[in-house]
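Worksheet: one structure, shown below.
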Amino acid sequence: MHPFYEFWRAALVKTALTYAVLLVLLVGSVALALLVGHGSLADPALRSTLLGLRATRVGAALLAGAALATGGAVVQGVFRDPLVSPSILGTTAGASLGGQLAMLALVSGSPLANLAVSAEMVLPLGCLLGAGLSLAIVLTFCRERTGTLTLILTGFILSSLFLALSSFITSLAQDSWDMSRAVVSFTLGGVGGVSTRQLFAVLPLVGIGILACWLWSDNLDLLLSGEDEAGSLGVEVGRARRWAVTWVAVLAAAAIAVGGNVGFVGLIVPHTLRPLVGVRHRRLIPACALLGGAFLVACDVIARVFPSRSELPLGVITGIIGAPVFLILLARSQREVSHG
Amino acid sequence: MADEALIEAQGLTVRRGNHVLLDQISFSLGAGQVVALLGPNGAGKSTLLKALAGLLPFSGELRLDGREASQLGRPERARLVAYVPQHSALDAALPVRDVVAHGRFAYRDVWGRPDRRDDAAIDRAMQLTDTRRLAGRSFSRLSYGERRLVLLARALATEARVLLLDEPTAALDVTHALGLLHLLRDLASRGALVMVALHQLNEAAQVSDRALLLASGHLVAAGSAAEVISVEPVRRVYGVEIVPAAQFGFRTPAEKDTPP
Numbered sequence: 000m001h002p003f004y005e006f007w008r009a010a011l012v013k014t015a016l017t018y019a020v021l022l023v024l025l026v027g028s029v030a031l032a033l034l035v036g037h038g039s040l041a042d043p044a045l046r047s048t049l050l051g052l053r054a055t056r057v058g059a060a061l062l063a064g065a066a067l068a069t070g071g072a073v074v075q076g077v078f079r080d081p082l083v084s085p086s087i088l089g090t091t092a093g094a095s096l097g098g099q100l101a102m103l104a105l106v107s108g109s110p111l112a113n114l115a116v117s118a119e120m121v122l123p124l125g126c127l128l129g130a131g132l133s134l135a136i137v138l139t140f141c142r143e144r145t146g147t148l149t150l151i152l153t154g155f156i157l158s159s160l161f162l163a164l165s166s167f168i169t170s171l172a173q174d175s176w177d178m179s180r181a182v183v184s185f186t187l188g189g190v191g192g193v194s195t196r197q198l199f200a201v202l203p204l205v206g207i208g209i210l211a212c213w214l215w216s217d218n219l220d221l222l223l224s225g226e227d228e229a230g231s232l233g234v235e236v237g238r239a240r241r242w243a244v245t246w247v248a249v250l251a252a253a254a255i256a257v258g259g260n261v262g263f264v265g266l267i268v269p270h271t272l273r274p275l276v277g278v279r280h281r282r283l284i285p286a287c288a289l290l291g292g293a294f295l296v297a298c299d300v301i302a303r304v305f306p307s308r309s310e311l312p313l314g315v316i317t318g319i320i321g322a323p324v325f326l327i328l329l330a331r332s333q334r335e336v337s338h339g
Numbered sequence: 000m001a002d003e004a005l006i007e008a009q010g011l012t013v014r015r016g017n018h019v020l021l022d023q024i025s026f027s028l029g030a031g032q033v034v035a036l037l038g039p040n041g042a043g044k045s046t047l048l049k050a051l052a053g054l055l056p057f058s059g060e061l062r063l064d065g066r067e068a069s070q071l072g073r074p075e076r077a078r079l080v081a082y083v084p085q086h087s088a089l090d091a092a093l094p095v096r097d098v099v100a101h102g103r104f105a106y107r108d109v110w111g112r113p114d115r116r117d118d119a120a121i122d123r124a125m126q127l128t129d130t131r132r133l134a135g136r137s138f139s140r141l142s143y144g145e146r147r148l149v150l151l152a153r154a155l156a157t158e159a160r161v162l163l164l165d166e167p168t169a170a171l172d173v174t175h176a177l178g179l180l181h182l183l184r185d186l187a188s189r190g191a192l193v194m195v196a197l198h199q200l201n202e203a204a205q206v207s208d209r210a211l212l213l214a215s216g217h218l219v220a221a222g223s224a225a226e227v228i229s230v231e232p233v234r235r236v237y238g239v240e241i242v243p244a245a246q247f248g249f250r251t252p253a254e255k256d257t258p259p
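Top line first, the protein sequences correspond to chains A and B. Counting in numbering that gives the first Met the number 0, the first sequence runs from 0 upward without gaps. Counting in numbering that gives the first Met the number 0, the second sequence runs from 0 upward without gaps.
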C-alpha cells in the first residue's frame, strides 16, 4: 500500500476513535448532569420538574460550550495564532456589555425594557445587539487588504473599551444588591438561570453558526498558508475573513446569552483536539463542538456539586481547569518542537 | 506555441504610499517558454510576480490569456496563474498530500469533495516534483528544501498555464535544484509559461528562453536570454563582469546527452 494511504488509514482510525470517545464523553456528561444536583429524583412529584430544569441547564451548557469551542477553532485558523480565542475580536466584550446594559435597563425600569420583548428575552437580545455593534465596527476595518494585525488591534481596542464600560456598569449596579449580584453572576458565567425560551432562541444561532463555519472549512485550511498564498490559490480572502468574523461573533454572543462570560473553552478545546483529529477544519470543527459542549456540561456538574455556600461560577471552574491544561499542552508542543 | 500571449502588461505600476515599486512595466509573454526575471535585491522581481498573481494592487493594463485581469474572480485567476512565493507562511501539521490538494481549491464546490480529476492532478504534481515519498508526512516536519518542492507541487496541482516562481532554487541542494530547472523546461515544453525570479545568472542562462531585467522598479532590458544575460546589461545593472570561463558545471543524468 502507498505510504500516504497507510497514513490516511491510520489518521482515519485515530479520528474515528477520537469521535467515539467524544460522543461517550458527551453522553456521559449529559447523563451525569441530569442525575446529579440538589433534590432527589426518587420523589415522583419532583422528578419531572427537576429533570426539566436540569435538561435546560444541560442544553445551555452544551450550546455555550459548542459555540465557544467552534469559535476558538475558527479564529485560531483565521489568525494563524494558536493563542487566540473568540474574545480577540472584541465581540465577546461587546456581547457581555450588551447583556449587562440589558439587565440594567430591565431592573431600572427603563423604557427600553418596555419594548415588545418579554423580560426573559431582553438579556439574549442585549448580548446579540452588543456583539452586532462591535462586529459592525470590526467589519468597518476588515477590508479586502486589511492586515490581520489591524484586525487584532481593532479587537483589542474594542475589548478594552467595552471592558471599561462594563466595569462602569458594575460600579453603578452596586447601588442595588440584586442588580449587583446579577451583574457579577453574569460576568463570571453560569447556566443556572437560563429559561427554555432563551435556550430555543439561541439554538438556531449556534446550529447555523457551526454549520456556516464548517462549510467554509476549506477556506480556513487554505488561510493557514497566509493570506497571500490563500489568495493565489483562489480564496476570496476578504470575504472569507468577514464570513468567519461574523459567525464567530454570532457564536460568541449566543454563548454569552446562555452561559455568561465563560473563558478558556475557545482556547483549550481546539488545542486539545488538533493532535488527535488533525488541523483540517472539516474534522476539527465538529470535534470542537462535541468536546466544547461536553466540557462545559462537566464543568457545570462540578459547579453544582462543589461544596461551597453558593454555586461556583462556571467561568471560575473553566479557568481553574483550563489554565493548567493549557500549560500542559504548551509544554508538550514545546517538547515536540525541541525534539523535532 | 510561443506566439500565443498569456501575459500582456502595459504600463504596469505598483505603488506603496508615495513610493513607486514598479514603474510603467510593459511586456508580452507567450506560452511554451521559461522567462527569467532578473535584477539585484530590491529591483522589484517579487513585487512584479505578486502583482501578476493578483496579490498587489496596480495601475496600468494587464491581460491574462487574453482577458482583462481585473475582470477575473479569484478562483478563475487561480486556475490560470499559479504562484510559489519565496517564503511560505505555511507551518501547519498538515499531511503533505493535503497541502498539495490545496492547489485544487479553485475547482472545488462548497462541499469540498475532491473528484478523480483532482486526485489525478495531485498525483501528477507529486510525481513531477518527486514528493510522493513525502505524501504521508507532516508538512511542519519537512526540511526547508522539501517544503519548497511540496509548494511547487501545490502550484502544479492547479494545472494553471502560467507558473510564477520566486527564487525556487534557493535552499535546494544541487540535485534538486537541477531537477527543478529541468522540470521547468519540461513544463514549458508542454505549453506552460514559466516565469521565474532568479538571483543566479548562470541558472537563468541555463534554463530560460527569455529574460526580463529589472533595476529599481524599471524594466531595463527584455529579450532573449542570450541578449539580456550579456556583458553590457549585466555590467550596467549589477556592476559586475561576465567571465565566460566556467571550469565545471553540473547536469542531471537526463541531461547527459545534451551539450552543457
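All C-beta atoms in this analysis are idealised placements derived from N, C-alpha and C, irrespective of residue type, glycine included.
Cβ of residue i within 9 Å of any chain A Cβ
i               : result
Y82 of chain B  : yes
H101 of chain B : yes
G144 of chain B : no
P167 of chain B : no
T157 of chain B : yes
G43 of chain B  : no
G53 of chain B  : yes
L5 of chain B   : no
G65 of chain B  : no
L36 of chain B  : no
F57 of chain B  : no
A92 of chain B  : yes
F26 of chain B  : no
Proximity winner among the options, relative to residue i (alpha-carbon distances)
i               : options                           : result
S229 of chain B : B:N201, B:L5 and B:G216           : B:N201
L219 of chain A : A:P306, A:V247 and A:V12          : A:V247
T17 of chain A  : A:S158, A:G318, A:T271 and A:A322 : A:T271
S159 of chain A : A:F185, A:L105 and A:T91          : A:T91
A253 of chain A : A:P43, A:L21, A:L24 and A:A66     : A:A66
V296 of chain A : A:C212, A:L313 and A:L88          : A:L313
L122 of chain A : A:I255, A:G277, A:C287 and A:L148 : A:I255
S332 of chain A : A:A10, A:A72 and A:R273           : A:R273
Rounded straight-line distance, which links the Cα of residue j to that of residue i
i               : j               : result
A1 of chain B   : D64 of chain B  : Residue confidence is low: A1 of chain B scores 46 on pLDDT, short of 50, so the model does not pin down where it sits. No coordinate-derived value is stated.
E310 of chain A : I316 of chain A : 11 Å
L164 of chain A : V35 of chain A  : 38 Å
L266 of chain A : P81 of chain A  : 8 Å
P94 of chain B  : Y237 of chain B : 42 Å
S355 of chain A : V261 of chain A : Since the first residue of chain A shown is 0 and the last is 339, residue 355 of chain A is not available in this structure.
E3 of chain B   : A30 of chain B  : 6 Å
G339 of chain A : T174 of chain B : For G339 of chain A, the predicted structure reports a pLDDT of 43, less than 50, and the residue's modelled location is therefore unreliable. A value from the coordinates is still provided. About 25 Å.
I320 of chain A : T46 of chain B  : 48 Å
P259 of chain B : R279 of chain A : Because P259 of chain B carries a pLDDT of 46, less than 50, the predicted location of this residue cannot be relied on, and no value is offered for it.
A32 of chain A  : L50 of chain A  : 10 Å
D217 of chain A : R123 of chain B : 22 Å
Test: residue i CB closer than 9 Å to a CB of chain B
i               : result
R367 of chain A : The structure shown does not extend to residue 367 of chain A, since chain A is modelled only from 0 to 339, so the question has no answer here.
G97 of chain A  : no
R79 of chain A  : yes
R279 of chain A : yes
L232 of chain A : yes
G225 of chain A : yes
D217 of chain A : yes
D220 of chain A : yes
E235 of chain A : yes
A10 of chain A  : yes
R331 of chain A : no
Beta-carbon contacts of residue i that lie in its chain and below 8 Å, excluding the five residues immediately before and after
i               : result
M120 of chain A : R196, Q197 and A200
Cβ-based burial, residue i [other Cβ within 10 Å; buried from 16]
i               : result
A41 of chain A  : exposed
L37 of chain B  : buried
V74 of chain A  : buried
I156 of chain A : exposed
L223 of chain A : buried
W242 of chain A : buried
Cut-off 6 Å between Cβ atoms - residues of its own chain near residue i, not counting five sequence neighbours on either side
i               : result
L151 of chain B : V83 and T128
L325 of chain A : For clarity, residue 325 of chain A is Phe in the given sequence; the question names Leu instead. For F325 of chain A, where only same-chain residues beyond five positions count, the Cβ hits under 6 Å are I267.
H217 of chain B : D22
S117 of chain B : Looking at the sequence shown, residue 117 of chain B is not Ser but Asp. R103.
A272 of chain B : Only positions 0 to 259 of chain B appear in this structure, which leaves residue 272 of chain B out of reach.
Beta-carbon contacts of residue i that lie in its chain and below 7 Å, excluding the five residues immediately before and after
i               : result
Q9 of chain B   : S25, G59 and E60
L202 of chain A : L62
A176 of chain B : T168
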